[in-house]
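Chains as they are written, first to last, in numbering that gives the first Met the number 0: chain E, 0 to 198; chain Y, 0 to 198.
Beta carbons: idealized from backbone N, C-alpha and C, even for Gly.
What you are looking at is a predicted structure, and each value in this text was computed from that prediction instead of being measured.
There are 2 protein chains.
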Amino acid sequence: MRDFIVIGHKASTSSDFSLNDLPGSAGRMDILCRCINSAFFLSHDIRTDVQVHLLLLGQPEPGKIIRFNGENIKHLNPDERSSGALIKKALEKNVSDVETQSTPGVWIRKGNLKTLLDGFKNESRTLAYLREGGEDIREIAGSLNDAVFILGDHLGVTDEEEEIILNTNAKLISVSPHSIHADHCILILNNELDRALEK
Amino acid sequence: MRDFIVIGHKASTSSDFSLNDLPGSAGRMDILCRCINSAFFLSHDIRTDVQVHLLLLGQPEPGKIIRFNGENIKHLNPDERSSGALIKKALEKNVSDVETQSTPGVWIRKGNLKTLLDGFKNESRTLAYLREGGEDIREIAGSLNDAVFILGDHLGVTDEEEEIILNTNAKLISVSPHSIHADHCILILNNELDRALEK
Numbered sequence: 000m001r002d003f004i005v006i007g008h009k010a011s012t013s014s015d016f017s018l019n020d021l022p023g024s025a026g027r028m029d030i031l032c033r034c035i036n037s038a039f040f041l042s043h044d045i046r047t048d049v050q051v052h053l054l055l056l057g058q059p060e061p062g063k064i065i066r067f068n069g070e071n072i073k074h075l076n077p078d079e080r081s082s083g084a085l086i087k088k089a090l091e092k093n094v095s096d097v098e099t100q101s102t103p104g105v106w107i108r109k110g111n112l113k114t115l116l117d118g119f120k121n122e123s124r125t126l127a128y129l130r131e132g133g134e135d136i137r138e139i140a141g142s143l144n145d146a147v148f149i150l151g152d153h154l155g156v157t158d159e160e161e162e163i164i165l166n167t168n169a170k171l172i173s174v175s176p177h178s179i180h181a182d183h184c185i186l187i188l189n190n191e192l193d194r195a196l197e198k
Numbered sequence: 000m001r002d003f004i005v006i007g008h009k010a011s012t013s014s015d016f017s018l019n020d021l022p023g024s025a026g027r028m029d030i031l032c033r034c035i036n037s038a039f040f041l042s043h044d045i046r047t048d049v050q051v052h053l054l055l056l057g058q059p060e061p062g063k064i065i066r067f068n069g070e071n072i073k074h075l076n077p078d079e080r081s082s083g084a085l086i087k088k089a090l091e092k093n094v095s096d097v098e099t100q101s102t103p104g105v106w107i108r109k110g111n112l113k114t115l116l117d118g119f120k121n122e123s124r125t126l127a128y129l130r131e132g133g134e135d136i137r138e139i140a141g142s143l144n145d146a147v148f149i150l151g152d153h154l155g156v157t158d159e160e161e162e163i164i165l166n167t168n169a170k171l172i173s174v175s176p177h178s179i180h181a182d183h184c185i186l187i188l189n190n191e192l193d194r195a196l197e198k
């Protein structure tokens, strides 16, 4: 399983946003929607071996995690509104520390970066943190097919978050000579991992 | 200059579509919008050395070409609606065989695949056609930084279009072990070309 964690610092934690204004009213939810597209879509197929965990830290109830699982997901199309609609439906649920399914393949719960990463550490998963200056993914993709990748949004990752991430001994990796968007990182990661599997 | 041509077989050639329904009423315009995103966006910057040519073949007036130039473009944000809005504005213009600018960095004209490719051939540009089974981009990226890349949409490329493309002696290239979306191809191409330039 490939897992992608994306931190949405401003992403709405209420369903009270407009699908017609994902960047504005929903707190740059458009970025998270494109991450869903990059993570799951092949040309005429959905990747069943992928999960995405969106960490929503915007108002009014910062600290919700929405999990998308490619094996079970339904009603997902490639356009931003489609994943936006599934996020909105998840946010309509009452949340607790235990996951609730909102639509097939989509779950929501309360949580923060530390609880999310601790869960993966307890499963002895390899964590990889996308950061400029990290090790080139191309050199190590072969060892990361089952890794958990951690990405920031347009605001990057705060110092406090970075400390939590580095405390997990996550590998630092980079995918491009430029600084690029989170959804673009995910797409390149998928491509590098696909290629490594073919070798 | 890197040029990307994307063929939108069903993409609306009228501005009479809803930005709230880019996949449906606009004839899978969402695909073309995501191609714009993949082609131009870096994290906090726009690629000035890129052009995208959207060939719109849907009703009611099949055969319009919208050109986006990264050097001049304005009012472009990463979300699908943003490029959709620029496409809609372009389609409000009366078109002829000569380009008309609709907004900064965006031009529209009448045209088809042959006229578009002939223009590039006359400039002695290298053409590269994205197709499964083509040569691996990773082997030849170093020679393709100034190439013109030709991509199909969700319907691929018709036999007739493929004949026109192959008659230009376009190189056949592939970017992934899987069949993937046009916007994903563009993103991987940009990454491979960026990496080759760094070498």
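Contact of D78(E) with chain Y by beta-carbon distance below 7 Å involves L21, P22, D29, E79.
Spanning the alpha carbons of L171(Y) and S82(E) requires a straight line of approximately 33 Å. Here D117(Y) is actually not in contact with I30(Y); their C-beta atoms are around 25 Å apart, not less than 8 Å. For the alpha helix (DSSP H) assignment, the uninterrupted runs of no fewer than 4 residues enclosed by the stretch 13-47 of chain Y are, from N- to C-terminal side, 28-39. Straight-line measurement puts the Cα of F148(Y) at about 22 Å from the Cα of D193(E). Taking a Cβ-Cβ cut-off of 7 Å, the neighbours of F40(Y) in chain E comprise H180, given in sequence order.
Comparing C-alpha distances from T167(E) to each of G132(E), D158(E), T125(E) shows the shortest one belongs to T125(E). With its beta carbon less than 8 Å from one in chain Y, E197(E) belongs to the interface.
Taking the beta carbon of N190(Y) as reference, the chain E residues within 7 Å of it are S175, I187, listed in sequence order.
One Cα belongs to N144(E), the other to V97(Y), and the distance between them is close to 50 Å. Here Q58(Y) is exposed, its C-beta having fewer than 16 other C-beta atoms within 10 Å. Our two residues, R137(Y) and L154(Y), have alpha carbons roughly 25 Å apart in a direct line. In the DSSP assignment, N68(E) falls within the beta strand (DSSP E) that extends over 63-68. Counting along the chain, the unbroken beta strand (DSSP E) around D135(E) starts and ends at 126-135. Assignment of H74(E) by DSSP, reduced to helix, strand and coil, places it in the coil class. Within the DSSP bridge table, the entry for D152(Y) names G155(Y) as partners. When DSSP states are grouped into helix, strand and coil, T114(E) belongs to the helix group. Put simply, of E79(Y), N93(Y), A127(Y) the residue whose alpha carbon is nearest the alpha carbon of R1(Y) is A127(Y). For D193(E), the C-beta contacts it makes with chain Y under 7 Å involve S175, P176, H177, in order along the chain. Any Cβ of chain Y closer than 8 Å to the Cβ of H183(E) would place that residue at the interface, and such an atom is present. DSSP places K170(Y) within a strand segment (E or B) once states are collapsed to three. When Cβ pairs closer than 8 Å are counted between the two stretches, the stretch 175-182 of chain E is seen to touch the stretch 19-39 of chain E, the count reaching three or more. Boundaries of the alpha helix (DSSP H) harbouring D193(Y): 181-197, taken from the DSSP string. Less than 8 Å divides the Cβ of A89(Y) from the Cβ of I107(Y).
Setting aside the 5 residues that flank it on each side, A140(Y) is surrounded in the same chain by E191, L192, A195, each with a C-beta closer than 6 Å to its C-beta; the list follows chain order.
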